[in-house]
Amino acid sequence: MIDESPGRLSPTALGPPPATPARRLRTRALWAGLLLVPGTVLSGFLALTTENASSCVTHGRHCGSTPGWLYLATFVIIAVAWIHALTTPDAPAEPATSRKAALWTLIGVESVFLLLVATSFA
Numbered sequence: 226m227i228d229e230s231p232g233r234l235s236p237t238a239l240g241p242p243p244a245t246p247a248r249r250l251r252t253r254a255l256w257a258g259l260l261l262v263p264g265t266v267l268s269g270f271l272a273l274t275t276e277n278a279s280s281c282v283t284h285g286r287h288c289g290s291t292p293g294w295l296y297l298a299t300f301v302i303i304a305v306a307w308i309h310a311l312t313t314p315d316a317p318a319e320p321a322t323s324r325k326a327a328l329w330t331l332i333g334v335e336s337v338f339l340l341l342v343a344t345s346f347a
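The opening position of the sequence shown corresponds to residue 226 in our numbering, with each subsequent residue numbered one higher.
Right, dumping it as structure tokens:
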């Protein structure tokens, strides 16, 4: 039998709390949002290694025609989905359905954003 006296630690205090599906979803959303920065840097670097990029930088020709508002719109959708996936409360055992949708929206729109960055000089 476990001693529950005030000076003793309970078995649950000895380790981290068990990972629930809600906690795992929040962790995945956190990493998906944080990996946007290195992904953007890598996509930008890949875009700058193309022949069109050197022509755009040196001569001003063959520059991308993607409007700037499209980059801004995808970035705003990413921010809203990330905040929703991280801050929406859920039931004790299962994450809210809207948080799952926000995570998949976050991943999908991040992919579109990175594709736009990688093809910015195409």
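We put the beta carbon where it would ideally sit given N, CA and C, even for glycine. These numbers come from a predicted model, not from an experiment.
When the beta-carbon positions are compared, Ala327 and Ala254 come within less than 9 Å of each other.
The alpha helix (DSSP H) runs lying completely inside the region 304-343 and spanning 4 residues or more are 322-343, given in chain order.
DSSP, reduced to helix, strand and coil, places Arg249 within a helical segment of the structure shown. Taken atom to atom, the span from the alpha-carbon of Cys288 to that of Leu339 is near 17 Å. If you compare the alpha carbons of Glu276, Ser336, Trp294 with that of Leu261, the shortest gap goes to Ser336. One thing to note: Thr265 has its Cβ no nearer than 9 Å to the Cβ of Ile302.
In the structure shown, Leu260 adopts coil according to DSSP, grouped into three states. Looking only at Ser323, Thr283, Lys325, Leu341, the smallest Cα-Cα distance to Ala298 is reached by Leu341.
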